[in-house]
Structure formats: structure tokens, C-alpha cells
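Student: Below you will find the structure I want to go over with you.
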Amino acid sequence: MADFMRRTSLTPSDMYPTSSGRTFVVYGPASTIIVPGRGFVPTVAAHRQCKMLVETIDADGKGSADSWHVSLITRSGPC
Numbered sequence: 000m001a002d003f004m005r006r007t008s009l010t011p012s013d014m015y016p017t018s019s020g021r022t023f024v025v026y027g028p029a030s031t032i033i034v035p036g037r038g039f040v041p042t043v044a045a046h047r048q049c050k051m052l053v054e055t056i057d058a059d060g061k062g063s064a065d066s067w068h069v070s071l072i073t074r075s076g077p078c
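For the sequence shown, position 39 matches number 38 in numbering that gives the first Met the number 0, and the numbering has no gaps at all.
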């Protein structure tokens, strides 16, 4: 997990335990999508944010950031 944080400059905002280790919740930068309006159709804007669930396993039992090895990353939103 420490290597993931170092390479992406993203830090987890939340964490929950799983049967094999921990899942960390990481949010990426927000983006805004704007569709300009025409005629009687109004302009529409949507704000979205990348969300990653980083599943990890405890490699050495110490519980430090270096102990958690990434096993799977699930992404949603504009990542």
C-alpha cells in the first residue's frame, strides 16, 4: 500500500477489514462534465469523481503501510 500511495500520490480516505486483509477506499480528483445548451435546452453540468477500492493482504503481520500488498483494484467513475 505504501508503494501505491507513493506512485499515485493518493491516500486512502477510509478502510474496512475483510476476510483476507483490508480494503482501502481511495478517491481521485473530481472532474466536471459540461454539455452546452442550445435553443430551449439548458446547459447541463455533472460532477464525478474516481473511486478506487484497493484490496490488500497483510504480508508480514505488522500492520504498517509497507505490510499491505495490493491484490486487486476496483475502479468506478472517471478514473
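From the three backbone atoms N, C-alpha and C, an ideal C-beta is built for every residue, glycine too. Model, not experiment: these values are computed from the prediction.
Rounded to whole angstroms, what's the CA-CA distance from Ser-70 to Ala-45? Just pull it up for me.
Tutor: Distance between the alpha carbons of Ser-70 and Ala-45 is about 32 Å.
Student: If you follow the alpha helix (DSSP H) that Met-4 is in, where does it begin and where does it stop?
Tutor: Run containing Met-4: 1 to 7, per the alpha helix (DSSP H) assignment.
Student: Sort Phe-3, Arg-37 and Ser-75 by Cα distance to Arg-47 and report the nearest one.
Tutor: Nearest option by C-alpha distance: Ser-75.
Student: Which value, in whole angstroms, describes the spacing of the CA atoms of Trp-67 and Pro-77?
Tutor: Their Cα atoms are separated by approximately 26 Å.
Student: Contact defined as beta carbons within less than 8 Å: I believe Arg-43 pairs with Val-34. What is the distance between those atoms, to the nearest angstrom?
Tutor: In the sequence as presented, Arg is not what sits at residue 43; that position holds Val. Contact flag correct, Cβ pair sits at about 5 Å.
Student: State the CB to CB distance for the pair Lys-61 and Tyr-26, rounded to an integer number of angstroms; the pair is presumed to be in contact (CB under 8 Å).
Tutor: The pair is not a contact, with the Cβ atoms about 26 Å apart (cut-off 8 Å).
Student: How many Å lie between Gly-20 and Ile-72 at the Cα?
Tutor: Cα to Cα, Gly-20 sits roughly 14 Å from Ile-72.
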